[in-house]
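Quick note, the sequences are listed as chains U, X, E, W, S and L, same order.
Position one of the first sequence corresponds to residue 257 (the working numbering), numbered consecutively onward.
Position one of the second sequence corresponds to residue 257 (the working numbering), numbered consecutively onward.
Position one of the third sequence corresponds to residue 2 (the working numbering), numbered consecutively onward.
Position one of the fourth sequence corresponds to residue 2 (the working numbering), numbered consecutively onward.
Position one of the fifth sequence corresponds to residue 382 (the working numbering), numbered consecutively onward.
Position one of the sixth sequence corresponds to residue 382 (the working numbering), numbered consecutively onward.
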Amino acid sequence: MEESGVIKKFLYVNRRAPYGSIYALESLEVVLIGAAFEQDVSLAFIDDGVYQLKKNQATDGIGMKNFSPTYNALGDYDISKIYVDKDSLEERGLTLDDLMNLTWEDENDNYAKKPSISLVNSEELAALMEQQDVVLSF
Amino acid sequence: MEESGVIKKFLYVNRRAPYGSIYALESLEVVLIGAAFEQDVSLAFIDDGVYQLKKNQATDGIGMKNFSPTYNALGDYDISKIYVDKDSLEERGLTLDDLMNLTWEDENDNYAKKPSISLVNSEELAALMEQQDVVLSF
Amino acid sequence: MKLGIMVSEGPYQHQASDSAYNFTKAALEKGHEIFRVFFYHDGVNNATRLTVPPQDDRNVVNRWSELSKQYDLDLVVCIAAAQRRGLLDENEAKRNGKDANNIAEGFRISGLGQLIEAGIQAERLVVFGD
Amino acid sequence: MKLGIMVSEGPYQHQASDSAYNFTKAALEKGHEIFRVFFYHDGVNNATRLTVPPQDDRNVVNRWSELSKQYDLDLVVCIAAAQRRGLLDENEAKRNGKDANNIAEGFRISGLGQLIEAGIQAERLVVFGD
Amino acid sequence: MTLHTVNKSPFEANSLETCLRLARSGHSVLLFEDGVYAASKGTKFEAMLIKAMQNCKVHVLLPDFEARGMKTENLIAGVNTVDYAGFVDLVTESERVQSWL
Amino acid sequence: MTLHTVNKSPFEANSLETCLRLARSGHSVLLFEDGVYAASKGTKFEAMLIKAMQNCKVHVLLPDFEARGMKTENLIAGVNTVDYAGFVDLVTESERVQSWL
Numbered sequence: 257m258e259e260s261g262v263i264k265k266f267l268y269v270n271r272r273a274p275y276g277s278i279y280a281l282e283s284l285e286v287v288l289i290g291a292a293f294e295q296d297v298s299l300a301f302i303d304d305g306v307y308q309l310k311k312n313q314a315t316d317g318i319g320m321k322n323f324s325p326t327y328n329a330l331g332d333y334d335i336s337k338i339y340v341d342k343d344s345l346e347e348r349g350l351t352l353d354d355l356m357n358l359t360w361e362d363e364n365d366n367y368a369k370k371p372s373i374s375l376v377n378s379e380e381l382a383a384l385m386e387q388q389d390v391v392l393s394f
Numbered sequence: 257m258e259e260s261g262v263i264k265k266f267l268y269v270n271r272r273a274p275y276g277s278i279y280a281l282e283s284l285e286v287v288l289i290g291a292a293f294e295q296d297v298s299l300a301f302i303d304d305g306v307y308q309l310k311k312n313q314a315t316d317g318i319g320m321k322n323f324s325p326t327y328n329a330l331g332d333y334d335i336s337k338i339y340v341d342k343d344s345l346e347e348r349g350l351t352l353d354d355l356m357n358l359t360w361e362d363e364n365d366n367y368a369k370k371p372s373i374s375l376v377n378s379e380e381l382a383a384l385m386e387q388q389d390v391v392l393s394f
Numbered sequence: 002m003k004l005g006i007m008v009s010e011g012p013y014q015h016q017a018s019d020s021a022y023n024f025t026k027a028a029l030e031k032g033h034e035i036f037r038v039f040f041y042h043d044g045v046n047n048a049t050r051l052t053v054p055p056q057d058d059r060n061v062v063n064r065w066s067e068l069s070k071q072y073d074l075d076l077v078v079c080i081a082a083a084q085r086r087g088l089l090d091e092n093e094a095k096r097n098g099k100d101a102n103n104i105a106e107g108f109r110i111s112g113l114g115q116l117i118e119a120g121i122q123a124e125r126l127v128v129f130g131d
Numbered sequence: 002m003k004l005g006i007m008v009s010e011g012p013y014q015h016q017a018s019d020s021a022y023n024f025t026k027a028a029l030e031k032g033h034e035i036f037r038v039f040f041y042h043d044g045v046n047n048a049t050r051l052t053v054p055p056q057d058d059r060n061v062v063n064r065w066s067e068l069s070k071q072y073d074l075d076l077v078v079c080i081a082a083a084q085r086r087g088l089l090d091e092n093e094a095k096r097n098g099k100d101a102n103n104i105a106e107g108f109r110i111s112g113l114g115q116l117i118e119a120g121i122q123a124e125r126l127v128v129f130g131d
Numbered sequence: 382m383t384l385h386t387v388n389k390s391p392f393e394a395n396s397l398e399t400c401l402r403l404a405r406s407g408h409s410v411l412l413f414e415d416g417v418y419a420a421s422k423g424t425k426f427e428a429m430l431i432k433a434m435q436n437c438k439v440h441v442l443l444p445d446f447e448a449r450g451m452k453t454e455n456l457i458a459g460v461n462t463v464d465y466a467g468f469v470d471l472v473t474e475s476e477r478v479q480s481w482l
Numbered sequence: 382m383t384l385h386t387v388n389k390s391p392f393e394a395n396s397l398e399t400c401l402r403l404a405r406s407g408h409s410v411l412l413f414e415d416g417v418y419a420a421s422k423g424t425k426f427e428a429m430l431i432k433a434m435q436n437c438k439v440h441v442l443l444p445d446f447e448a449r450g451m452k453t454e455n456l457i458a459g460v461n462t463v464d465y466a467g468f469v470d471l472v473t474e475s476e477r478v479q480s481w482l
């Protein structure tokens, strides 16, 4: 934990598919390190970025590390605001059921497990973006 | 000049705009080196690749080397078969007049200067590609 | 105003590093403060002193080093991204049993926290990438 | 059959080098001959011995070196692309007044003519890039 | 016969579209890396791919498809699956390989 | 107000399209690097850009536009030109910068 006295709204924007390039993985690494700074963190998955959250990733055949289980750890880092662009999901023929079931525990509600992913439409996503102090794009 | 005894049909396929990435420049470097091997060389410019041949490139403002004059030298290296995809050009609102006037000298016709660029439609381009032995993509 | 910069691509392959340099230089010349330039992803490759670009082309690495010297600019290379890609300073080389290092003058290797800190401390953060 | 391979992107940032490796290995295991693997553009960065990837990830550079050893594979790094990006062997470092080199075992630096030659000599040439 | 390889998602880049415009009847198209998304059912590019399959044989590199969380049941009907050895066979059986980067 | 930056050609990538879908009225969009092609007259994206200009202010980095062989006369009417110093001003005048890579 680092103390800075300032709490800013950070948005991580993910628009690339996993494995084809490293942006998804290295974005996740920033998010995990950034969690120690206790900022107000949101993640947005747009365009091919929604594929990062796809269930059942199995990378044995390509010899790369399957890093998708790490998304499950986000809740433990108090990262619970994960926004998925509804239009992007639909264009890809996917629904919420195709994505990993990411959750966080609400300490104000007896540590109840709650879903972290929210589906948002363009208007909601645009509004969310406009509330941010820092937008990091990957 | 190198002797290999074999003459193959080489096609260099260029689909990227110049300056935004180095592929255009480094493709040209291969073409120039390759010329010494006396193979049967063709160049195709498709999609944003057609922008490589745009007239009036002026790179002083971005601090990068303007390598577009080098295309003019292709004729001196006996590279005279330059195919530009008509569909790509039209989608971009460009005509042959917007491109550099690349020429070669026909030694069988009293060294007459002849245009190197041919506009080709999809069917012609597909047929051309099918005649190749080696296709290098940039 | 206090600005932060992130560079996500290496030298030459993409224009990102050129754009980031031109932007950073213009900001400094206008009197703005650059809190930090953070090199991430292939951006870490901007920090190698082993490049030998053609004589008639710009020297991307030296330009950053010189700007750093002139303006006391903080050029930070992400350690995790650098290790993946083979960009090391003397300490890192020793620590990892490597027989050489390749970092250029004016760059320093540090953690991802430095990017978050740039996000917190700078008033605007601009990302240059592919 | 005699095959040639061109790799246009560096390790880790894009899957190109992984795909090229998996393809090359499969071809060799099927008994085909790989005339040459030519590293161009950022692909030259596959040839640095200074990478230190995380323990739980693949080592892209070492994999190439080992495949080269096992099958006597010709791994050629384009000299012009390598100079731009800071990839040098001992000779190149000396020639350019650099105090270090970073090339990995099994790779050699040579000219673009080697790519053309691969196109001429190999029966099929496959390009892996971004 | 030409083997065309496409490694980009059709959502992100125009490579597949140009490839299909210039591939000739009887050619093969291999989708790999992020290109495999074009082979999955229900995307907005499904109709484009099905149309292409009237003229071309479409293959997908299964290891890349599975890495991205998809199984053979998610494949558009008629798409052939290959592993890396099958990729090699496609290359040697074709007269040339054209990479649409 | 957000400054959106787009550095990809609209022909090659979908960045501009997504940017324009998510930019709000009153925002600024800066086209630079290969993104500048979207600012040139007569392309198939001209209508899309003109429509976007009803809500957003569109800027183009002139050094990048000129590098690619185009002049101010090739610009779609209403597009503002900036140099790197102007790019810096756009950043400092905006509340945040969102890069559409």
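Heads up, the beta-carbon is just placed ideally off N, CA and C, and yes, glycines get one too.
| Item | Value |
| --- | --- |
| Quick one: is S475(S) near chain W, going by C-beta distance under 9 Å? | yes |
| Please determine, among Q388(U), E380(U), N328(U), the residue with the shortest C-alpha to C-alpha distance to P371(U). | N328(U) |
| By the criterion of Cβ-Cβ separation under 7 Å, what are the contact partners of L381(U) in chain L? | L403 |
| For the structure I just gave you, are there three or more beta carbon pairs, one from the region 347-356 of chain X and one from the region 417-430 of chain L, closer than 8 Å? | yes |
| In the DSSP output, which residue or residues are listed as bridge partners for M7(W)? | F39(W), V128(W) |
| Taking only beta-carbon atoms, is M257(X) less than 9 Å away from chain L? | Here M257(X) scores only 45 on pLDDT, less than 50, and its place in the model should not be relied on; the value that follows carries that caveat. For M257(X), the answer is no, since every Cβ of chain L falls outside 9 Å of its Cβ. |
| Along the beta strand (DSSP E) that carries S480(L), what are the first and last residues, could you check? | 477-481 |
| So, using beta-carbon positions, are G5(W) and S66(W) closer together than 9 Å? | no |
| I believe N395(S) touches F468(L) by the beta-carbon criterion, under 8 Å. Please report the beta-carbon distance rounded to the nearest angstrom. | Not quite, the Cβ-Cβ distance comes to about 27 Å (not below 8 Å), so this is no contact. |
| Please state whether DSSP places K342(X) in a helix, a strand or coil. | helix |
| Determine the direct distance from the alpha carbon of K26(W) to that of E124(W), and round the result to whole angstroms. | 17 Å |
| Quick one: which chain E residues come within Cβ less than 7 Å of E414(L)? | Q16, S20 |
| In whole angstroms, give me the CA-to-CA distance for M356(X) and I373(X). | 9 Å |
| Pick out whichever of A28(E), Y13(E), I35(E), G98(E) has its Cα sitting closest to the Cα of V62(E). | Y13(E) |
| Can you pull out the residues from the region 323-353 of chain U whose beta carbon lies closer than 7 Å to at least one beta carbon of chain E? | none |
| Taking the C-alpha atoms as reference points, what is the distance between D304(U) and K310(U)? | 11 Å |
| Which residue from V53(W), L89(W), E10(W) puts its Cα closest to that of L88(E)? | V53(W) |
| F468(S) touches chain A at which residues, Cβ-Cβ below 8 Å? | Note that chain A does not occur in the displayed structure, where the protein chains are U, X, E, W, S and L. |
| Put Y307(X) into one of helix, strand or coil per three-state DSSP. | helix |
| Return no unless some Cβ of chain X is closer than 9 Å to the Cβ of K425(L). | yes |
| Bridge partners for H15(E) per DSSP, in chain order? | S277(X) |
| Can the beta-carbon of T386(S) be found less than 9 Å from the beta-carbon of V127(W)? | yes |
| For Y465(L) versus L482(L), is the C-beta spacing smaller than 9 Å? | no |
| Could you tell me the alpha carbon to alpha carbon distance between A300(U) and N92(E), rounded to whole angstroms? | 37 Å |
| Under 8 Å by Cβ, that's how I've got L267(U) and Q388(U) pegged, so tell me the actual separation to the nearest angstrom. | 4 Å |
| Please tell me whether, using a cut-off of 8 Å, the distance from the CB of M7(W) to the nearest non-hydrogen atom of the ligand FAD is below it. | Among the components of this structure there are no ligands whatsoever, and the ligand FAD is therefore not found. |
| Pair every Cβ in the region 36-56 of chain E with every Cβ in the region 95-107 of chain W, then say whether three or more of these pairs are closer than 8 Å. | yes |
| Does DSSP put D362(X) in a helix, in a strand, or in coil? | strand |
| Just the C-alpha distance for Y72(E) and N23(E), rounded to the nearest angstrom, thanks. | 14 Å |
| What is the C-beta distance between S475(S) and S409(S), in whole angstroms, given that I count them as a contact (C-beta under 8 Å)? | 6 Å |
| So if I threshold CB-CB distances at 7 Å, which residues from the region 305-318 of chain X count as touching chain L? | Y307, K310, K311, N312, Q313, A314, T315, G317, I318 |
| Given N455(L), which residues of its chain have a CB within under 7 Å of its CB, disregarding the five upstream and five downstream residues? | S421, K422 |
| Would you say F394(U) faces chain L, with C-beta separation under 9 Å as the test? | yes |
| Do G407(L) and V439(L) count as a contact pair if the criterion is CB distance below 9 Å? | no |
| How big is the Cα-Cα spacing for D131(W) and D343(X)? | 23 Å |
| Flag M356(U) as yes if its beta-carbon sits less than 9 Å from any beta-carbon of chain W, otherwise no. | no |
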